[in-house]
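Asks: Would you mind keeping the following structure in view while I ask a few things?
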Amino acid sequence: MTSALELDEGALAQRLTAMGEPAYRARQIRAHLLRRGVVDYGQMTDLPAAVRGRLGSELPATPLALQRRRPTPDGQTTKLLLRAQDGELVEAVSIRDGDRHTVCVSSQVGCGMACAFCASGLDGVARNLTAAEMVAQVLHAGAHGAVSNVVFMGMGEPLANFPRLVEAIGALTDPAGIGMSARRLTVSTVGLAPRIRDLAATGLPVGLAISLHAADDATRQSLVPVARRYSIADLLAAAADYAAATGRRVTFEYTLIAGRNAEPHHAGALGRLLAGSGSQVNLIPYNPVPGLPFAEPATEAVRRFAAIVAGHGVTVTTRQERGRRVDAACGQLRRAVRGSDP
Ligand code: SF4
Numbered sequence: 007m008t009s010a011l012e013l014d015e016g017a018l019a020q021r022l023t024a025m026g027e028p029a030y031r032a033r034q035i036r037a038h039l040l041r042r043g044v045v046d047y048g049q050m051t052d053l054p055a056a057v058r059g060r061l062g063s064e065l066p067a068t069p070l071a072l073q074r075r076r077p078t079p080d081g082q083t084t085k086l087l088l089r090a091q092d093g094e095l096v097e098a099v100s101i102r103d104g105d106r107h108t109v110c111v112s113s114q115v116g117c118g119m120a121c122a123f124c125a126s127g128l129d130g131v132a133r134n135l136t137a138a139e140m141v142a143q144v145l146h147a148g149a150h151g152a153v154s155n156v157v158f159m160g161m162g163e164p165l166a167n168f169p170r171l172v173e174a175i176g177a178l179t180d181p182a183g184i185g186m187s188a189r190r191l192t193v194s195t196v197g198l199a200p201r202i203r204d205l206a207a208t209g210l211p212v213g214l215a216i217s218l219h220a221a222d223d224a225t226r227q228s229l230v231p232v233a234r235r236y237s238i239a240d241l242l243a244a245a246a247d248y249a250a251a252t253g254r255r256v257t258f259e260y261t262l263i264a265g266r267n268a269e270p271h272h273a274g275a276l277g278r279l280l281a282g283s284g285s286q287v288n289l290i291p292y293n294p295v296p297g298l299p300f301a302e303p304a305t306e307a308v309r310r311f312a313a314i315v316a317g318h319g320v321t322v323t324t325r326q327e328r329g330r331r332v333d334a335a336c337g338q339l340r341r342a343v344r345g346s347d348p
């Protein structure tokens, strides 16, 4: 069933007219959806109650239905589990930090990249999400407060779903619609170097985060299979081209895994690799996944790692694992709900 979100104003007006409703209701509904993040017809109180009821059964507001909201006790982080019309489950995470409200969006159901440490990669990729399904995640999260930032960092590899990703970015930044600034959007990739150049060629000044996870090719290949296709040198060259084309500083994500890539010599190699590049590093202590033989390093080891990298003049941040209590590592909630955790 097509949703209201997938129709432009003209098509929505036609649909409403066919239901015997005035065409101007299309503008009202789109203002609720796109401007206010209202995804529930029940809350569109300027529509007559009978119309709201009919729309609910004949024209879903978005292609995703909210199945579960799971907040942390402090309410700062909320995991949303959404059901697509074909029954597939999609995850989004809403993270609040002061005035900032960031939504982490999934781009695929599952993921085909098979990173050794990741829940999303365990079952492979089921399908790409549509642009409307990506936008719907932002709207569902925005139903509880305006969204300031979007990161394509949830389930899936966004650059493996490239045309729909670009379409979703277009919809999120459309000044006649949601109207977000492209500078407040970030695409996170495991490192598909040719697609990084394609993204630069769109001219969209979105932020770019590259999941590096190692400073040498052998360690990276043991964690990230796609590293066999694109070397670290390929990635750094693509990142430099991206920064030059967009004027945006590239962030390198580095998941710290005990005994694999979190020793002081790994930190030294990372610092030397990125020194003088103008990029920054975001360290992410590993969030353990049931059934996978990986663990997070001790807090002190994380602090030492950060200090060594920073000693090379590289800007380093360490991500707080706020999502842990809501199973927020990508793919974990979906797997738990499907009962596929080993
Ligand atoms: S870490 Fe990212 S790219 Fe790798 S399998 Fe998981 S979702 Fe895919």
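Numbering (my numbering), first residue to last: 7 to 348.
Ideal Cβ positions, reconstructed from N, Cα and C, are used throughout, including at glycine.
#1: I'd like the ranges of any alpha helix (DSSP H) spanning at least 4 consecutive residues and lying wholly in the segment 263-322.
#2: Just to confirm the assignment: which complete alpha helix (DSSP H) runs, minimum length 4, are found wholly within the segment 116-182?
#3: What is the C-beta distance between S194 and S217, in whole angstroms, given that I count them as a contact (C-beta under 8 Å)?
#4: Would you check if the distance between the CB atom of N167 and the CB atom of S112 is smaller than 7 Å?
#5: By Cβ distance, which residues of its chain are closer than 7 Å to V315, with the 5 residues on each side in sequence left out?
#6: In the DSSP assignment, what are the bridge partners of P103?
#7: Is it the case that the CB of S228 approaches a heavy atom of ligand 1 more closely than 6 Å?
#8: Among the residues of its own chain, which have a CB less than 6 Å from the CB of G185, if the five just before and after it don't count?
#9: What are the start and end residues of each continuous alpha helix (DSSP H) run of 4 or more residues lying completely inside the segment 191-220, in chain order?
#10: Less than 8 Å between C-beta atoms, sequence neighbours within five positions excluded: which residues of the same chain meet that for R106?
#11: Can you tell me whether C110 sits near ligand 1, meaning its C-beta is under 6 Å from at least one heavy atom of the ligand?
#12: Hey, R203 and A249: beta-carbon distance below 7 Å or not?
#13: As an exercise, report each continuous beta strand (DSSP E) stretch of at least 3 residues that is fully enclosed by the segment 31-108, in chain order.
#14: Could you check what DSSP says for V111 in three-state terms: helix, strand or coil?
#15: Whose CA, out of S187, F300 and T83, lies closest to the CA of S228?
#16: Does DSSP put L27 in a helix, in a strand, or in coil?
#17: Of the residues I290, D180 and A281, which one's Cα is nearest the Cα of R41?
#18: For S187, count neighbouring Cβ atoms within 10 angstroms of its own Cβ and tell me buried if that reaches 16, exposed if not.
#19: Residues in the same chain with beta-carbon distance under 7 Å from A137, minus the five sequence neighbours each way, listed in chain order, please.
#20: If we ignore side chains and look at the alpha-carbon of each, how far apart do D222 and E94 end up?
#21: Under three-state DSSP, which class holds T8?
#22: Return the bridge partner residues of Y236 from the DSSP annotation.
#23: Sorry if obvious, but does the Cβ on E163 come closer than 6 Å to a heavy atom of ligand 1?
#24: So what does Y260 bridge to, in DSSP terms?
#25: State the start and end residues of the unbroken alpha helix (DSSP H) segment that holds R226.
#26: Less than 6 Å between C-beta atoms, sequence neighbours within five positions excluded: which residues of the same chain meet that for T5?
Replies: Quick answer:
#1: With a minimum length of 4 residues, the continuous alpha helix (DSSP H) runs that stay inside the segment 263-322 are 270-280 and 305-316.
#2: 137-148 and 168-179
#3: One-based indexing of the sequence shown puts residue 194 at position 188. One-based indexing of the sequence shown puts residue 217 at position 211. So it is a contact: roughly 7 Å between Cβ atoms.
#4: For this step, residue 167 is matched to residue 161 along the sequence shown. For this step, residue 112 is matched to residue 106 along the sequence shown. In this structure, N167 lies away from S112, with their beta-carbon atoms at least 7 Å apart.
#5: Start at 1 with the first residue of the sequence shown, and residue 315 comes out as number 309. Excluding positions up to five away in sequence, the list reads A273, L276, G277, V287 and V322.
#6: Residue mapping note: residue 103 aligns to position 97 of the sequence shown, counting from 1. In the sequence as presented, Pro is not what sits at residue 103; that position holds Asp. DSSP output for D103 lists R106 as bridge partner(s).
#7: In the sequence shown, counting from the first residue as 1, residue 228 sits at position 222. S228: no, Cβ never under 6 Å from ligand 1.
#8: The residue labelled residue 185 in the question sits at position 179 within the sequence shown. Taken in chain order, the list of residues that qualify is empty.
#9: 199-207
#10: Indexing the sequence shown from 1 puts residue 106 at position 100. Within its own chain, the residues whose Cβ lies closer than 8 Å to the Cβ of R106, once the five positions on either side in sequence are excluded, are S154 and N155, listed in chain order.
#11: Within the sequence shown, the letter at position 104 stands for residue 110. Distance from the C-beta of C110 to the nearest heavy atom of ligand 1 is not below 6 Å.
#12: Counting from 1 along the sequence shown, the entry for residue 203 is found at position 197. Counting from 1 along the sequence shown, the entry for residue 249 is found at position 243. In this structure, A249 does not lie closer than 7 Å to R203 by Cβ.
#13: If we require 3 residues or more, the beta strand (DSSP E) runs fully inside the segment 31-108 come out as 70-77, 83-90 and 95-103.
#14: Taking the first residue of the sequence shown as position 1, residue 111 is located at position 105. Here V111 sits in strand by DSSP.
#15: Residue 228 sits at position 222 when you count from the first residue of the sequence shown. Comparing Cα-Cα distances from S228 to each of S187, F300 and T83, the minimum goes to F300.
#16: The residue you call residue 27 lines up with position 21 of the sequence shown. What sits at residue 27 in the sequence shown is Glu, not Leu. Residue state, collapsed to three classes: coil.
#17: Counted from its first residue, the sequence shown places residue 41 at position 35. That would be D180, whose Cα lies nearest to the Cα of R41.
#18: Locating residue 187 in the sequence shown gives position 181, counting from the first residue. Answer is exposed; the Cβ neighbour count stays below 16.
#19: Walking along the sequence shown from the start, residue 137 turns up at place 131. Result list for A137: R170, E173, A174 and A177, in chain order.
#20: Locating residue 222 in the sequence shown gives position 216, counting from the first residue. Locating residue 94 in the sequence shown gives position 88, counting from the first residue. Roughly 37 Å separates the two Cα atoms.
#21: As a working note, residue 8 is residue 2 in the sequence shown. In the three-state scheme derived from DSSP, where H, G and I count as helix and E and B as strand, T8 is classed as coil.
#22: Along the sequence shown, one-based indexing puts residue 236 at 230. Y236 is not bridged to any residue.
#23: The residue labelled residue 163 in the question sits at position 157 within the sequence shown. The closest heavy atom of ligand 1 lies less than 6 Å from the beta carbon of E163.
#24: Numbered from its first residue, the sequence shown carries residue 260 at position 254. Paired residue(s): L289.
#25: Mapped onto the sequence shown, residue 226 falls at position 220. Taken as a continuous stretch (DSSP letters only), the alpha helix (DSSP H) holding R226 covers D223 to L229.
#26: There is simply no residue 5 to check, as the chain begins at 7 and stops at 348 in what is shown.
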